[in-house]
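Residue numbers (my numbering): 27 to 99. By construction, the Cβ of each residue, glycine as well, lies at the ideal position given by its N, Cα and C atoms. Right, one structure below, let's go through it.
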Amino acid sequence: PKSQDAVALQQIKERGALPMIDRGDIRQAFDRCSNIWASLPGAGYGQFEHKVDSLIEKFKESGGTVREIQLYE
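Written out as C-alpha cells, the structure is:
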C-alpha cells in the first residue's frame with residue numbers, strides 16, 4: 027500500500043540512505059538500513075536475510091544504477 031511505501035521511504039531518509047541510493051551506493055544503503063529491516067543482509071535479528079547479490083539484481087531490474095567500487099591490490 028502507498029502508506030507503507032511512504033513510511034519505508036521516510037525511514038530510509040531518516041537513516042541517511044536516500045542519497046546513497048540516488049548515487050548508486052546501494053551496498054552502503056543496505057548497511058545503513060539493516061538495523062531497522064530484519065531481512066536486509068547483516069541485520070542480525072536471526073530471521074531470514076536476503077542475499078546482497080539478489081537484492082542488487084532486483085534493484086537493477088527496477089531501473090536502479092549501482093556504482094561499483096574498484097579495489098586495487
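According to DSSP, simplified to helix, strand and coil, what is P45? In this structure, P45 counts as helix in the three-state DSSP scheme.
So, are the CB atoms of Q73 and S65 less than 9 Å apart? yes
Return the residue from the list I52, H76, Y71 that minimises the CA-CA distance to K86. I52
Give a yes or no on whether the minimum CB-CB distance between R58 and chain C is below 9 Å. Going by chain labels, chain C is absent from the structure shown, which holds only one protein chain.
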